[in-house]
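Position 19 of the sequence shown, counted from 1, bears residue number 19 in our numbering, the numbering being contiguous throughout.
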Amino acid sequence: MQQKKTLVIGASENPERYSNKAIHMLRGHNHEVVAIGNREGQVEDVTFGKDKSASRYTTAMPCG
Numbered sequence: 001m002q003q004k005k006t007l008v009i010g011a012s013e014n015p016e017r018y019s020n021k022a023i024h025m026l027r028g029h030n031h032e033v034v035a036i037g038n039r040e041g042q043v044e045d046v047t048f049g050k051d052k053s054a055s056r057y058t059t060a061m062p063c064g
């Protein structure tokens, strides 16, 4: 079974941020991670920065 990539939006090098914790947990379970953040940075072996192409997409979250 092929594993899919996981996208972390709002990635941060700050260890108190949930995005940072998520990257650590995902990598700890050998998941492939792609991350986008407001600044350039790195968590474990995942480097991230602003991805201008990502701003072309709209995300909709269903509400109650």
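Idealized CB from N, CA, C, for every residue including glycine.
Enclosing beta strand (DSSP E) for residue i [first to last residue]
i      : result
Ala-22 : No beta strand (DSSP E) holds Ala-22; the alpha helix (DSSP H) holding it covers 18-28.
Simplified DSSP state of residue i, which is helix, strand or coil
i      : result
Gly-10 : coil
Gly-41 : strand
Under 8 angstroms between C-beta atoms of residue i and residue j
i      : j      : result
Val-8  : Ser-19 : yes
Arg-17 : Glu-44 : no
Gln-3  : His-31 : yes
Alpha-carbon to alpha-carbon, residue j and residue i
i      : j      : result
His-29 : Ser-12 : 19 angstroms
Asn-14 : Lys-5  : 22 angstroms
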